[in-house]
Amino acid sequence: MFCTVRCVLLLALTGAASAFLAATSAVVQHGGLAVRPLSYASSGGNRAGAALTTMSTGTAVEQRGLVTVYHKETCPYCVKVLHLLENEYNLSVNRVNVLEGDDSDKKIKQMRTFSGGRNTVPQVFFNSEHLGGNDDVQSLHSEGKLAELVETILSQDASLKAGWYHPWY
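Mapping of the sequence shown onto mature numbering (1 follows the signal peptide of the UniProt record, and there is no 0): residues -19 to -1, 1 to 150, in sequence order.
Structural data, given as structure tokens:
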């Protein structure tokens, strides 16, 4: 049986660690693209920034996988899927705003490439798996399949598949 995520533990940072994260978490550069993650922790390698999550059992679990959403700030479907992932499942989400910055054309092109040609937002990825847009994710949620995928994100490191490239690695 799969547990569902209930709440995120907030960790207070002090002193130099707080200043370091504030300076480094604003924008992540990779492949000429600036990506602004919602939550970023320096964890090295190709691993996603770790976030601690409390399961329904009351135990703290590290989010080892990577959740990424290509979005637009004003899109109501983007707001809906982000609310579901961040508030219902308490996942740490890397947000890629396709309209932000001078590299928006590159972001849109990458989103189309990663999503099999889709050019609408949001587009949701769990590690290197494309889940689809808002309707797809909401369907997975109503069928109970999203909770299973969330368990995978909590338990498995983000890893690159052969030929797979993401701007946040």
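For glycine and all other residues, C-beta sits at the position ideal for the given N, C-alpha and C.
Treat the numbers as computed from the prediction; the structure is a model and nothing was measured.
- Message: Check for me: the alpha helix (DSSP H) holding ASN115 runs from which residue to which?
- Response: It spans 115 to 123 - the alpha helix (DSSP H) in which ASN115 sits, taken as one unbroken run.
- Query: Closest by CA to GLN104, which one among GLU129, SER136 and CYS56?
  - Reply: Here the closest residue by C-alpha is CYS56.
- Close-in-space but distant-in-sequence residues of the same chain around PHE106 (CB under 6 angstroms, 5 per side omitted): Cβ contact annotation for PHE106 (same chain, cutoff 6 angstroms, sequence separation greater than five): THR49, in chain order.
- Message: Considering Cα atoms alone, identify which of GLN137, THR101 and GLY98 is closest to ASN108.
- Response: For the residues GLN137, THR101 and GLY98, the minimum Cα distance to ASN108 belongs to GLN137.
- According to DSSP, what are the bridge partners of VAL107? At residue 107 the sequence reads Phe, which differs from the Val that was named. DSSP, once it has assigned bridges, lists VAL48 and GLU110 as partnering PHE107.
- Query: How many angstroms separate the CA atom of LYS87 from the CA atom of PHE95?
  - Reply: Going by the C-alpha atoms only, they are around 12 angstroms apart.
- Just the C-alpha distance for ASN75 and VAL62, rounded to the nearest angstrom, thanks. Approximately 13 angstroms, taken between the alpha carbons.
- Task: Along the beta strand (DSSP E) that carries ARG76, what are the first and last residues, could you check?
- Result: Per DSSP, ARG76 belongs to the beta strand (DSSP E) from 74 to 78.
- Task: Kindly indicate which three-state DSSP category GLU69 falls into: helix, strand or coil?
- Result: Residue state, collapsed to three classes: helix.
- Let me know the secondary structure DSSP gives GLU54 once reduced to three states. GLU54: coil per DSSP, three-state reduction.
- Item | Secondary structure of residue 164, DSSP reduced to three states | The requested residue 164 is not part of the displayed model; the chain covers only -19 to 150.
- Message: With the cut-off set at 8 angstroms, would you say residue 152 and GLN44 are in Cβ contact?
- Response: Nothing can be reported for residue 152, as the shown portion of the chain is limited to -19 through 150.
- Message: Classify GLY114: buried if its beta carbon has 16 or more other beta carbons within 10 angstroms, exposed otherwise.
- Response: With 16 or more other CB atoms across the displayed protein chains lying within 10 angstroms of its CB, GLY114 is buried.
- Task: Specify, as a first and last residue, the run of the alpha helix (DSSP H) that SER136 falls within.
- Result: Its alpha helix (DSSP H) spans residues 126 to 136.
- Query: With distances taken from CA atoms, which of GLY46, GLU129, ALA128 and GLY82 is nearest GLU54?
  - Reply: Here the closest residue by C-alpha is GLY82.
- Task: Report all residues from its chain with a CB closer than 8 angstroms to the CB of VAL79; omit the five preceding and five following residues, and keep chain order.
- Result: By the criterion of a C-beta distance shorter than 8 angstroms, VAL79 is surrounded in its chain by TYR51, HIS52, LYS53, SER85, LYS88, ILE89, MET92 and VAL102, once the five residues flanking it on both sides are discounted.
- Are there 16 or more other CB atoms within 10 angstroms of the CB of SER100, so buried, or fewer, so exposed? Here residue 100 turns out to be Asn, not Ser, going by the sequence shown. Classification of ASN100: exposed, given that the 10 Å Cβ count is below 16.
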